[in-house]
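Enquirer:
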Amino acid sequence: MFAFVVRRITQAIVVMLVIGLLGFSIKQKIGDPVRDIVGISVSVAEREALRDKLGLNDPFLVQYVRFIKNAVHGDLGMSFFFKKPTLEVILSKAPATLELVFASSLIIILLSVPLGIYTAIRPRSLPSRIIMGGSIVGVSIPVFLTAIILIYIFAVELHWLPSYGRGATVNIGGWESGLLSLDGLRHLLLPSIALSSIMLPLFIRLIRSEMMETLETEYVKFAWAKGLSRRRVWFLHAFKNTLLPVITVGGVQLGILIAYTILTETVFQWQGMGFMFLEAVERSDTSLLVAYIIVVGALFVVVNTIVDIIYGLVNPTVRITGRK
Amino acid sequence: MKQWKRFKESYFLYSFKHDRVAITSFVVLLILILISIFAPLIAPYNTYDTSSIDIMDAEIPPSWMEEGNPDFILGTDIQGRDLLSTMLFGMRLSVMIGCGAVFLQAIIGIFIGLISGYMGGRVDSFLMRIADVQLSFSTLMVAIMISAIFQVAFGVGRYEELAVPLLVLIIGLAEWPQYARTVRASVLGEKNKEYVEAARVIGLSSRRIRWRHILPNTMSPVLVISTIQVANAVMSEAALSFLGLGMPVTKPSLGSLINSGFEYIFSGSWWITLFPGILLVVFVLVINLLGDWLRDVLNPKLYKG
Chain H
0 MFAFVVRRIT QAIVVMLVIG LLGFSIKQKI GDPVRDIVGI SVSVAEREAL
50 RDKLGLNDPF LVQYVRFIKN AVHGDLGMSF FFKKPTLEVI LSKAPATLEL
100 VFASSLIIIL LSVPLGIYTA IRPRSLPSRI IMGGSIVGVS IPVFLTAIIL
150 IYIFAVELHW LPSYGRGATV NIGGWESGLL SLDGLRHLLL PSIALSSIML
200 PLFIRLIRSE MMETLETEYV KFAWAKGLSR RRVWFLHAFK NTLLPVITVG
250 GVQLGILIAY TILTETVFQW QGMGFMFLEA VERSDTSLLV AYIIVVGALF
300 VVVNTIVDII YGLVNPTVRI TGRK
Chain R
0 MKQWKRFKES YFLYSFKHDR VAITSFVVLL ILILISIFAP LIAPYNTYDT
50 SSIDIMDAEI PPSWMEEGNP DFILGTDIQG RDLLSTMLFG MRLSVMIGCG
100 AVFLQAIIGI FIGLISGYMG GRVDSFLMRI ADVQLSFSTL MVAIMISAIF
150 QVAFGVGRYE ELAVPLLVLI IGLAEWPQYA RTVRASVLGE KNKEYVEAAR
200 VIGLSSRRIR WRHILPNTMS PVLVISTIQV ANAVMSEAAL SFLGLGMPVT
250 KPSLGSLINS GFEYIFSGSW WITLFPGILL VVFVLVINLL GDWLRDVLNP
300 KLYKG
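Written out as structure tokens, the structure is:
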């Protein structure tokens, strides 16, 4: 087990180094830190002097190692637009995105578990067919379209809910939270529904197929033969064993939600990391763009590594096949 | 002729004829593809011809509404272009980019999948690790990142000029792991069968065995994922265009059309967003339905996960 954990973590570090290398080469090729600092009204000779002083004429590898060293210390460069360290900018935007992802995950879990179980134990009933049909329609509607339709219905036509921004936030120890005020929750409702719309069908299908597979196994048949109550077989015997694949696939999928936050945040002008990222692209703010790639990359790598390790803990076959 | 007869008696055609959903989706898909191929002939206006556009015609609602103009059946967009024509040209672009991207990712994916599955060992674990890592970042994220980098590197103007080939490249690069994993999984199943051994015994080169003997036998899972991949590619293209990282408004795809309409939804111009949106959803939906049906019929052992 120990070797397995070490191997996974080593792999995560290698992936992070590669992401760092990508980010660094982007910065090298596109961004010009001298321009970021001095603007255009400075002579060529002075620029060269500055380049030397900043170590920009050093060999690529030396600069890369320096970049990684700084990154480990939390220094990912200065944002050209905000005139602040990029990490600070990103961290100030992170709560908005994380709360959005959290609210959507909650919606997804609360809806997909009961619906998935129901469609698995009554596959031929009318509601199941409607749910399954609805799920394939749901996969085919892009997130941004769902978001726009929600805005049109609930904000433009009905005036029930606000259409953009985060509303009132409460500051708890530097974390700007919209979860604690009624206004914040009202603002959160539409974006989180829109964001969950893309993953909900996938989760329902996943839980359904895993549950149906489990219901076919011998031990479930044995439980039926023992004459246990239906509830007991369904929820205690069958559902418990579908949880394992659902948690592992689900963990990764919830990480993928971060990608979709870019879309939802754009539609709702939600002041999170995704919105900031697109603004950075528009402003050609290379440092901020690279910092975002590295932070989000790190987030993905951490989530995946944790999911892998948990999976290895509960399912020993993974560790063994991994060893070869 | 013989092949045609075999096709006519096959289970494939039989199950197709007895599945109403499959027939309907196939017909709708065929119509949509024909429409997009012949868009320049069908569309009432040529929306790329700037001389035919009058800004005074902007934001006219669909013809059945009060202020509608019978000249513009589905109304006009913010620049005064006929919405129906713009949608047809937009779908043409979306389909073109989607198919191009799937073609590219199929080439990359099949190549890597074949090598990885046939060679095994270190090459295999290295290539599959790359695929796993890239997949764990989600194809959408990778596509957004690559296009953002391209846009900053090329500058917005140049990027918009090259948008079509760049989008094909971006989506192709973002989604090849799906193919690589599928092909690899079926190569692993095939490579120990007798016919491969026989080919090896008569002394064929390993490249020939790979491409002429194993590859044709891995085609049914590739076919299944190809349908769904086209839908995915069209969705990715729409998402990128919606974010302003894809087709420009002057040459809109369905995604950028939805984006340009979104700003005007607050003033009540819902049609600019809704009609392209419906077209996009119908297109993706019929492909997904067909893909589901195809998966049930061919029932290949797809890579689970």
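Residue numbers (numbering that gives the first Met the number 0), protein chains in the order written: chain H, 0 to 323; chain R, 0 to 304.
Positions of the beta carbon are idealized from the N, C-alpha and C atoms, including for glycine.
(1) Ignoring anything shorter than 4 residues, give me the alpha helix (DSSP H) runs that lie fully in the segment 76-158 of chain R, in order along the chain.
(2) I'd like to know if S268 (chain R) contacts chain H, where contact means its C-beta is closer than 8 Å to some C-beta of that chain.
(3) Give me the DSSP bridge partner(s) of E175 (chain H).
(4) Determine the burial state of Q268 (chain H): buried for a count of at least 16 other Cβ atoms within 10 Å of its Cβ, exposed for fewer.
(5) Quick check: what's the CA-CA separation for M0 (chain H) versus P275 (chain R)?
(6) Do you know how far the Cα of G89 (chain R) is from the Cα of S24 (chain R)?
(7) Using the three-state DSSP reduction, which class does P58 (chain H) fall into: helix, strand or coil?
(8) Under 7 Å between beta-carbons, which chain H residues line up against S137 (chain R)? List them in chain order, please.
(9) With 8 Å as the C-beta to C-beta threshold (strictly closer), list the residues of the segment 150-176 of chain H near chain R in chain order.
(10) Are the Cβ atoms of G273 (chain H) and I261 (chain H) separated by less than 8 Å?
(11) Could you tell me which uninterrupted alpha helix (DSSP H) segments, each at least 4 residues in length, are contained entirely in the segment 177-228 of chain R, listed from first to last along the chain?
(12) Could you name the residues of the segment 176-201 of chain R whose beta carbon sits closer than 9 Å to any beta carbon of chain B, in the order they occur along the chain?
(13) Measuring alpha carbon to alpha carbon, tell me which of H:T96, H:V306, H:H236 ends up nearest E215 (chain H).
(14) Could you name the residues that DSSP lists as bridge partners for P84 (chain H)?
(15) Hey, how far is the Cα of L305 (chain R) from the Cα of L55 (chain H)?
(16) Kindly give me the distance between the Cβ atoms of F153 (chain H) and L144 (chain H), rounded to whole angstroms, as I take these residues to be in contact under 8 Å.
(17) Between the Cα of I106 (chain H) and the Cα atoms of H:S195, H:V301, H:V294, H:Q27, which residue gives the shortest distance?
(18) Could you compute how far the alpha carbon of F3 (chain H) sits from the alpha carbon of S235 (chain R)?
(19) I307 (chain R) and A142 (chain R): beta carbons closer than 8 Å?
(20) Give me the Cα-Cα distance between P122 (chain H) and P113 (chain H), rounded to the nearest whole angstrom.
(21) What is the C-beta distance between S134 (chain H) and P84 (chain H), in whole angstroms, given that I count them as a contact (C-beta under 8 Å)?
(22) Applying the 10 Å Cβ sphere with the 16-neighbour rule, what's the burial state of Q104 (chain R)?
(23) Just mark T249 (chain R) as buried or exposed, buried being the case when its beta carbon has 16 or more other beta carbons within 10 Å.
(24) So which residues of chain H does V132 (chain R) contact, with C-beta pairs closer than 7 Å?
(25) Considering I36 (chain R), what are the terminal residues of the alpha helix (DSSP H) in which it resides?
(26) Under the three-state reduction of DSSP, which class applies to R121 (chain H): helix, strand or coil?
(27) Hey, S207 (chain H) and A119 (chain H) are a contact pair by Cβ (cut 8 Å); roughly how many whole angstroms apart?
(28) Check whether chain R comes within 8 Å of I107 (chain H), counting only Cβ atoms and requiring the distance to be less than that.
(29) Going by the CB atoms, is the gap between I96 (chain R) and V167 (chain R) shorter than 8 Å?
(30) By a C-beta neighbour count over all protein chains shown, 10 Å radius and 16 as the cutoff for buried, is P190 (chain H) buried or exposed?
(31) Establish whether the CB of K28 (chain H) and some CB of chain R are separated by less than 8 Å.
(32) Taking one C-beta from the segment 121-132 of chain R and one from the segment 194-202 of chain R each time, how about it: are there three or more such pairs within less than 8 Å?
(33) Is V300 (chain H) helix, strand or coil by DSSP?
(34) Quick check on D85 (chain R) - is its C-beta less than 8 Å from some C-beta in chain H?
(35) Which residues, in chain order, does the segment 139-153 of chain R contribute to contact with chain H at a C-beta distance below 8 Å?
Expert: To lay it out plainly:
(1) List check, alpha helix (DSSP H) in window: 82-118, 120-135, 138-153.
(2) Position 269 of the second sequence, counted from the start, is the residue given in the question as residue 268 (chain R). Not an interface residue.
(3) Looking up residue 175 (chain H) in the first sequence gives position 176. BP columns for E175 (chain H) point to H:N170.
(4) In the first sequence, residue 268 (chain H) corresponds to position 269, counting from 1. If you draw a 10 Å sphere on the C-beta of Q268 (chain H), you find fewer than 16 other C-beta atoms in it, and that means exposed.
(5) Locating residue 0 (chain H) in the first sequence gives position 1, counting from the first residue. Locating residue 275 (chain R) in the second sequence gives position 276, counting from the first residue. When rounded, the separation of the alpha-carbon atoms in M0 (chain H) and P275 (chain R) is 53 Å.
(6) One-based indexing of the second sequence puts residue 24 (chain R) at position 25. One-based indexing of the second sequence puts residue 89 (chain R) at position 90. Here the C-alpha atom of S24 (chain R) lies approximately 21 Å from the C-alpha atom of G89 (chain R).
(7) Reading the first sequence from its first residue, position 59 is the one you call residue 58 (chain H). Looking at P58 (chain H) - three-state DSSP - the assignment turns out to be coil, as it is neither helix nor strand.
(8) The count along the second sequence starts at 1 and reaches residue 137 (chain R) at position 138. Residues of chain H passing the Cβ test: I255, A258.
(9) Within the segment 150-176 of chain H, contact with chain R at the beta-carbon level (separation under 8 Å) is assigned to I150, Y151, V155, S162.
(10) Walking along the first sequence from the start, residue 273 (chain H) turns up at place 274. Walking along the first sequence from the start, residue 261 (chain H) turns up at place 262. Yes, they are a contact pair.
(11) Qualifying alpha helix (DSSP H) stretches, in chain order: 193-200.
(12) This model lacks chain B altogether; the protein chains it does include are H and R.
(13) The sequence position of residue 215 (chain H) within the first sequence is 216, counting from 1. Per the C-alpha coordinates, the member of H:T96, H:V306, H:H236 positioned closest to E215 (chain H) is H:H236.
(14) Position 85 of the first sequence holds residue 84 (chain H). Answer by DSSP bridge pairing, in chain order: H:M77.
(15) Any question about residue 305 (chain R) goes unanswered here, given that chain R covers just 0 to 304.
(16) The count along the first sequence starts at 1 and reaches residue 153 (chain H) at position 154. The count along the first sequence starts at 1 and reaches residue 144 (chain H) at position 145. Contact between F153 (chain H) and L144 (chain H) does not hold, since their C-beta atoms are separated by about 15 Å, which reaches or exceeds 8 Å.
(17) Translated into positions along the first sequence, residue 106 (chain H) becomes position 107. I106 (chain H) has its Cα closest to that of H:S195, out of H:S195, H:V301, H:V294, H:Q27.
(18) For the purposes of this step, residue 3 (chain H) is taken as residue 4 along the first sequence, with counting starting at 1. For the purposes of this step, residue 235 (chain R) is taken as residue 236 along the second sequence, with counting starting at 1. Approximately 36 Å between the Cα atoms of the pair.
(19) Outside the shown range of chain R, which is 0 to 304, sits residue 307 (chain R), and nothing can be said about it.
(20) For the purposes of this step, residue 122 (chain H) is identified with residue 123 of the first sequence, where counting begins at 1. For the purposes of this step, residue 113 (chain H) is identified with residue 114 of the first sequence, where counting begins at 1. The straight-line gap from Cα to Cα measures roughly 14 Å.
(21) On the first sequence, residue 134 (chain H) is found 135 positions in, with the first residue counted as 1. On the first sequence, residue 84 (chain H) is found 85 positions in, with the first residue counted as 1. Cβ-Cβ separation between S134 (chain H) and P84 (chain H): approximately 44 Å, too far for a contact (criterion under 8 Å).
(22) What you label residue 104 (chain R) is simply residue 105 of the second sequence in a count that begins at 1. Residue environment: Q104 (chain R) is assigned as buried (16 or more neighbouring CB atoms within 10 Å of its CB, all protein chains considered).
(23) In the second sequence, counting from the first residue as 1, residue 249 (chain R) sits at position 250. Answer is exposed; the Cβ neighbour count stays below 16.
(24) Position 133 of the second sequence, counting from 1, holds the residue named residue 132 (chain R). Those are V14, listed as they occur along chain H.
(25) By one-based count along the second sequence, residue 36 (chain R) stands at place 37. That run of the alpha helix (DSSP H) goes 19-36.
(26) Taking the first sequence and counting its residues from 1, one reaches residue 121 (chain H) at position 122. Correct three-state label for R121 (chain H): coil.
(27) Along the first sequence, one-based indexing puts residue 207 (chain H) at 208. Along the first sequence, one-based indexing puts residue 119 (chain H) at 120. What sits at residue 207 (chain H) in the sequence shown is Arg, not Ser. Going by Cβ atoms, the distance from R207 (chain H) to A119 (chain H) rounds to 5 Å, so yes, they are a contact pair.
(28) Locating residue 107 (chain H) in the first sequence gives position 108, counting from the first residue. Among the CB atoms of chain R, none fall inside 8 Å of the CB of I107 (chain H).
(29) Along the second sequence, read from residue 1 onward, the residue named residue 167 (chain R) stands at position 168. Along the second sequence, read from residue 1 onward, the residue named residue 96 (chain R) stands at position 97. Yes, these two residues count as a Cβ contact at 8 Å.
(30) Mapped onto the first sequence, residue 190 (chain H) falls at position 191. With 16 or more other Cβ atoms within 10 Å, it is buried.
(31) Start at 1 with the first residue of the first sequence, and residue 28 (chain H) comes out as number 29. Interface flag for K28 (chain H) against chain R is set, since a Cβ pair is found closer than 8 Å.
(32) In short, these stretches do not touch, since the Cβ pair count stays below three.
(33) Taking the first residue of the first sequence as 1, we reach residue 300 (chain H) at position 301. Helix, per DSSP.
(34) In the second sequence, the residue the question calls residue 85 (chain R) occupies position 86. Reading off the sequence, residue 85 (chain R) comes out as Thr, not Asp. No, T85 (chain R) does not count as interfacial toward chain H.
(35) For the segment 139-153 of chain R, which is checked against every Cβ of chain H, the residues closer than 8 Å are L139, M140, I143, M144, A147, I148, Q150, V151, A152.
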